[in-house]
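Asker: Residue numbers (full-length UniProt numbering), protein chains in the order written: chain A, 1 to 143; chain B, 1 to 143.
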DNA sequence: TATTGTTATACTCTATAACTATA
DNA sequence: TATAGTTATAGAGTATAACAATA
């Protein structure tokens with residue numbers, strides 16, 4: 001009788017992600033950061049965002065959640081917020097030199113983490129994995 | 001100049017896992033559960049554990065965190081805890097009929113979620129993915 | 001003393017609802 | 001009225017430290 005024979009990929013994915021996320025969390029913490037801070041920094045550096053709403057979308061959190069993190073980051077001297085003269089409703093978020101430095105440190109930690117994770121896997125396998133993960137994610141995306 | 005050319009797999013993995021985890025969280029919540037409850041139920045059903053310490057390890061949390069969840073599950077009538085007569089330090093955790101029912105409901109939700117996620121992927125690809133993820137996780141595991 | 005588990009407490013991340021400022 | 005963002009509040013998950021019970 002034909003039955004689905006393969007293992008529940010969701011379980012494997014969840015377990016792997018949990019393990020990887022914890023290891024990465026520790027690496028980020030050791031470098032003076034955290035997951036949300038890293039996500040915000042990398043978004044600021046790589047994605048052109050017009051306002052905080054778009055930044056929140058890029059990071060994958062609600063606007064109020066982003067505000068919460070930006071408050072902490074501003075208090076820590078990592079970012080500045082100033083109103084856009086052209087549209088004073090908009091708050092422009094910019095990295096300070098300290099923010100740039102932390103970005104570099106966290107990027108190093110992320111690269112080291114990546115190299116550790118992919119040890120024993122070929123570039124072809126990594127590309128395959130990335131492709132499969134992307135297709136998986138697409139299946140559970142609403143948009 | 002030879003440079004690492006492939007994308008940071010950690011980023012792809014983190015993004016995919018976040019998306020998948022959120023979708024799964026919603027599915028579990030709709031079925032009356034949550035991730036930790038599901039992990040505890042599935043561990044109780046599939047892994048023979050001698051005590052809560054082992055159960056906590058299986059779930060991947062600290063003992064106190066497990067106690068926290070078991071308190072809630074016991075209050076909800078999903079599990080019972082009684083002392084082991086042979087070693088009264090040990091608390092035996094057992095599923096109630098309600099716990100069994102919830103396990104079945106969450107299992108259905110997990111299966112549905114899995115089928116949704118793997119749409120468009122062949123069994124071979126899923127097996128490949130599981131293998132790659134397992135190797136990745138192994139690389140960041142301390143043990 | 002060592003082991004098993006609980007309680008007390010606190011921290012991080014996230015979210016929703018109500019609010020302020022600006023257009 | 002609509003849009004951008006903040007504040008207030010709350011809830012879930014996790015952790016560490018101190019404790020109680022048992023061996």
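For glycine and all other residues, C-beta sits at the position ideal for the given N, C-alpha and C.
Computed from a predicted structure; not experimentally measured.
Look up residue 94 of chain A in the DSSP assignment and give the residues it is bridged to.
Answerer: Along the first chain, one-based indexing puts residue 94 of chain A at 94. Partner(s): A:80.
Asker: Using 7 Å as the threshold, is the C-beta distance between residue 52 of chain B and residue 41 of chain B below it?
Answerer: The residue given as residue 52 of chain B occupies position 52 in the second chain. The residue given as residue 41 of chain B occupies position 41 in the second chain. Against a cut-off of 7 Å, the Cβ pair of residue 41 of chain B and residue 52 of chain B comes out as no contact.
Asker: Between the stretch 17-33 of chain B and the stretch 56-64 of chain B, are three or more C-beta pairs nearer than 8 Å?
Answerer: Because the criterion of three Cβ pairs below 8 Å is not met, the stretch 17-33 of chain B and the stretch 56-64 of chain B do not touch.
Asker: Taking all protein chains shown into account, do 16 or more other C-beta atoms lie within 10 angstroms of the C-beta of residue 48 of chain A, making it buried, or fewer, making it exposed?
Answerer: Here the question's residue 48 of chain A lines up with position 48 in the first chain. Answer is exposed; the Cβ neighbour count stays below 16.
Asker: For residue 50 of chain B, count neighbouring Cβ atoms within 10 angstroms of its own Cβ and tell me buried if that reaches 16, exposed if not.
Answerer: Locating residue 50 of chain B in the second chain gives position 50, where the first residue counts as 1. The residue is exposed, with fewer than 16 neighbouring Cβ atoms inside 10 Å.
Asker: Indicate whether at least one CB of chain A lies closer than 7 Å to the CB of residue 13 of chain B.
Answerer: Start at 1 with the first residue of the second chain, and residue 13 of chain B comes out as number 13. With 7 Å as the cut-off, residue 13 of chain B counts as an interface residue toward chain A.
Asker: Compare the C-beta of residue 3 of chain A against all C-beta atoms of chain B and say whether one is closer than 7 Å.
Answerer: Here residue 3 of chain A refers to the residue found at position 3 when the first chain is read from its first residue. Low per-residue confidence applies at residue 3 of chain A: pLDDT is 48, beneath 50, and the placement is therefore not dependable enough to give any value.
Asker: At least one CB of chain B closer than 7 Å to the CB of residue 57 of chain A: is that the case?
Answerer: Along the first chain, one-based indexing puts residue 57 of chain A at 57. Closer than 7 Å: no.
Asker: Quick one: any contact between the stretch 95-103 of chain A and the stretch 115-124 of chain A, if contact means 3 or more CB pairs under 8 Å?
Answerer: Judged by Cβ distances under 8 Å, the stretch 95-103 of chain A makes no contact with the stretch 115-124 of chain A, as fewer than three pairs qualify.
Asker: Hey, would you say residue 131 of chain A sits closer than 7 Å to residue 8 of chain B, going by beta carbons?
Answerer: In the first chain, residue 131 of chain A corresponds to position 131, counting from 1. In the second chain, residue 8 of chain B corresponds to position 8, counting from 1. Going by C-beta atoms, residue 131 of chain A is not nearer than 7 Å to residue 8 of chain B.
Asker: So, residue 105 of chain B versus residue 31 of chain B, is the Cβ gap smaller than 7 Å?
Answerer: As a first step, residue 105 of chain B must be located in the second chain, where it is residue number 105. As a first step, residue 31 of chain B must be located in the second chain, where it is residue number 31. Closer than 7 Å, so yes.
Asker: Could you compute how far the alpha carbon of residue 128 of chain A sits from the alpha carbon of residue 87 of chain B?
Answerer: By one-based count along the first chain, residue 128 of chain A stands at place 128. By one-based count along the second chain, residue 87 of chain B stands at place 87. Distance between the alpha carbons of residue 128 of chain A and residue 87 of chain B is about 50 Å.
Asker: Go ahead and pull the three-state DSSP assignment for residue 2 of chain A.
Answerer: Here the question's residue 2 of chain A lines up with position 2 in the first chain. Per-residue confidence for residue 2 of chain A stands at a pLDDT of 46, beneath the threshold of 50, marking its modelled position as unreliable; the derived number appears in the next sentence. Note: residue 2 of chain A maps to coil in three-state DSSP.
Asker: Please classify residue 147 of chain A as buried or exposed, where buried requires at least 16 other C-beta atoms within 10 Å of its C-beta.
Answerer: The structure shown does not extend to residue 147 of chain A, since chain A spans only 1 to 143, so no value can be given for it.
Asker: Roughly how many whole angstroms lie between the Cα atoms of residue 138 of chain A and residue 33 of chain B?
Answerer: For this step, residue 138 of chain A is matched to residue 138 along the first chain. For this step, residue 33 of chain B is matched to residue 33 along the second chain. About 24 Å.
Asker: Provide the residue span of the alpha helix (DSSP H) that contains residue 65 of chain B, from first to last.
Answerer: Taking the second chain and counting its residues from 1, the one referred to as residue 65 of chain B is at position 65. 63-75 is the extent of the alpha helix (DSSP H) around residue 65 of chain B.
Asker: Drop a sphere of 10 angstroms on the beta-carbon of residue 54 of chain A, count the other beta-carbons inside from all chains shown, and report buried for 16 or more, exposed for fewer.
Answerer: Within the first chain, the letter at position 54 stands for residue 54 of chain A. So residue 54 of chain A ends up on the exposed side.
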